[in-house]
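Participant:
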Amino acid sequence: MHDLETASRETIAAHQMGRLRAGLARILPHNRFYHEKLSPDGRAFPALESLADLSHLPFTNKRELIADQAAHPPYGSNLTYPLSDYVRLHQTSGTTGHPLKILDTQESWDWWAECWTSIYRAAGVTRDDIVFLAFGFGPFIGFWSAYEGAKRLGALTVPGGGMDSVQRLRAIEDVGATALVCTPSYALRLAEVAQECGMDMRDSTVRVTIHAGEPGASIPATRERIERAWGAQTYDHAGMTEMGAFGFACSQQNGVHVNEGEFIAEILDPHSQRPAADGEVGELVLTNLGRWGCPAIRYRTGDLVRHGGYRCGCGRAFLSLPGGVLGRADDMLIVRGVNVYPSALADVLHRFPDVAEYRIIVTKDGAMDEIAIEAECPPEVTPRIQQELHVALNLRIPVEAVAKDTLPRFELKARRVEDRRGH
Ligand SMILES: [Zn+2]
542 MHDLETASRE TIAAHQMGRL RAGLARILPH NRFYHEKLSP DGRAFPALES
592 LADLSHLPFT NKRELIADQA AHPPYGSNLT YPLSDYVRLH QTSGTTGHPL
642 KILDTQESWD WWAECWTSIY RAAGVTRDDI VFLAFGFGPF IGFWSAYEGA
692 KRLGALTVPG GGMDSVQRLR AIEDVGATAL VCTPSYALRL AEVAQECGMD
742 MRDSTVRVTI HAGEPGASIP ATRERIERAW GAQTYDHAGM TEMGAFGFAC
792 SQQNGVHVNE GEFIAEILDP HSQRPAADGE VGELVLTNLG RWGCPAIRYR
842 TGDLVRHGGY RCGCGRAFLS LPGGVLGRAD DMLIVRGVNV YPSALADVLH
892 RFPDVAEYRI IVTKDGAMDE IAIEAECPPE VTPRIQQELH VALNLRIPVE
942 AVAKDTLPRF ELKARRVEDR RGH
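Converting from the sequence shown to our numbering requires adding 541 to each position, the first position being numbered 1.
See below:
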């Protein structure tokens, strides 16, 4: 553990202010996007005396970055250095709109890798581990940074791109991988394929699994299901292409900590922008402190998180987000007046070992959302699922059993919500 992780809040804040000031001094003279945003019409940049003054700076959001790239193709104007200084190009998955292109300099890319070493260390992964990355290495950043981080840690790093699930399982066995990195949905899919092939991953050498890309490893029932299938300890991680690898799970396995050495976190009410108090849910707004080639200042992530304070059983003083990323603000469904997140449904459905896969069907009844669930399970299980859903959410949700292998499986981000509202 780095000293800063257990330091006083004052020390952490002083570190963050120092990093932010130094970064702004590098960005402002050369980065057109932030120069125009933070000093419009040549007005003086607001003085930053303390972290509280951060609230004087405007937010950045994805829409603006996409508009900026459309106005200044192909990379936009959020670049601090000449193009020749950049060594990596990644783009967002585009599941929620137009893909965004993000460039990194060698310095920024090293910073990404360093952020990932915090994730590995907190999960107890060392240079003696063999890390297998079950990920198709393409333009989406996905686990590219996890790959770099594992190398930086000194672990033997095995990229599992360009393989199907069976080949990946054989490779895990073949190299004796001890750490598996992939999305939570794909860890479950791999375990399912293993079972079909007569392999039992509980007997494999994998002892740690690390997940990102979607909520899952912080949803208790989902985490337990992965841990059971792999006979391993499962850790969550949160990150995004525009921002970096900002969250890691500790020994307590209760959500994630924000890596406050490399990021400043604010949790704000999405409408009033009032800061959330301890225990409240709000939108996570982040500022990165080391990616000066393509910075993100007060970036509205659209992720909803719960403020979990600054005390944790692991001894870290970094902000805790119990439950990790709870969901996207725009994923929330309102069913008969009750706020329902897909992650809450996962927490119920993954408790049933008989449910191989499921899908949430959303329809509209007048102005109201209605949901129904299709589950790959024996029909006699559905009444118990309905009952558990009722206990958890106080809603009666119809559950229909469907035949095995009829619902889609996912290698990257799962899309289990099928929206039939027609808007
Ligand atoms: Zn902790």
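Quick reminder that beta carbons are idealized off the backbone N, C-alpha and C, glycines included.
Are Y688 and L674 closer than 7 Å when you measure CB to CB?
Facilitator: The answer is yes: Cβ separation under 7 Å.
Participant: Verify whether the separation of the beta carbon atoms of D810 and H848 is less than 7 Å.
Facilitator: Not a contact, by the Cβ cut-off of 7 Å.
Participant: Quick check on DSSP: helix, strand or coil for E590?
Facilitator: Three-state result, E590: coil.
Participant: Cβ atoms of T724 and L867: under 7 Å apart, would you say?
Facilitator: In this structure, T724 does not lie closer than 7 Å to L867 by Cβ.
Participant: For E755, which beta-bridge partners are listed by DSSP?
Facilitator: Note: E755 sits in no beta bridge, so no partner.
Participant: Kindly indicate the opening and closing residues of the beta strand (DSSP E) around G907.
Facilitator: Note, G907: premise wrong, no beta strand (DSSP E); not H, not E.
Participant: Could you check the C-alpha separation between F678 and G701 for me, to the nearest Å?
Facilitator: Between F678 and G701, the C-alpha separation is close to 8 Å.
Participant: Got a list of residues with beta-carbon closer than 5 Å to any non-hydrogen atom of ligand 1, in chain order?
Facilitator: Any residue whose Cβ sits closer than 5 Å to a heavy atom of ligand 1 makes the list: C791, Q793, C853, C855 and R857.
Participant: Of all the beta strand (DSSP E) runs that stay within the bounds of the segment 858-914, which reach a length of 3 or more residues?
Facilitator: Counting whole runs of 3 or more residues, the segment 858-914 contains the beta strand (DSSP E) stretches 874-876, 879-881 and 899-906.
Participant: By DSSP, does C656 sit in helix, in strand, or in coil?
Facilitator: C656: helix per DSSP, three-state reduction.
Participant: On the CB-based measure, 16 or more other CB atoms within 10 Å of its CB, does T775 come out buried or exposed?
Facilitator: That one is buried.
Participant: Following the continuous beta strand (DSSP E) through V940, name the residue where it begins and the one where it ends.
Facilitator: Element bounds for V940: V940 to V943.
Participant: State the DSSP-derived secondary structure class of I808, mapped to helix, strand or coil.
Facilitator: Reduced to three states, the DSSP call for I808 is strand.
Participant: Identify every residue that forms a DSSP beta bridge with Y840.
Facilitator: According to DSSP, Y840 bridges with T601 and L827.
Participant: Just checking my contact of L731 with S759 at CB under 8 Å: how many whole Å lie between their CB atoms?
Facilitator: Not quite, the Cβ-Cβ distance comes to about 19 Å (not below 8 Å), so this is no contact.
Participant: Would you be able to state if there are at least three C-beta pairs under 8 Å between the segment 542-553 and the segment 857-874?
Facilitator: Contact between the segment 857-874 and the segment 542-553 is present, because at least three Cβ pairs lie under 8 Å.
Participant: Three or more beta-carbon pairs under 8 Å between the segment 726-743 and the segment 937-953, yes or no?
Facilitator: Segments in contact, yes.
Participant: If we ignore side chains and look at the alpha-carbon of each, how far apart do G963 and R764 end up?
Facilitator: The straight-line gap from Cα to Cα measures roughly 33 Å.
Participant: Assuming Q632 and L641 are in contact, meaning their beta carbons sit under 8 Å apart, how far apart are those beta carbons, in whole angstroms?
Facilitator: With 8 Å as the limit, Q632 and L641 qualify as a contact, their Cβ atoms being about 6 Å apart.
Participant: Who are the Cβ neighbours of H571 in its own chain at under 6 Å, not counting the five residues just before and after it?
Facilitator: The residues are T621.
Participant: What residues are listed by DSSP as bridge partners for D705?
Facilitator: Answer by DSSP bridge pairing: none, since D705 is not bridged.
Participant: Please state the DSSP three-state secondary structure of H556.
Facilitator: DSSP places H556 in helix when its eight states are reduced to three.
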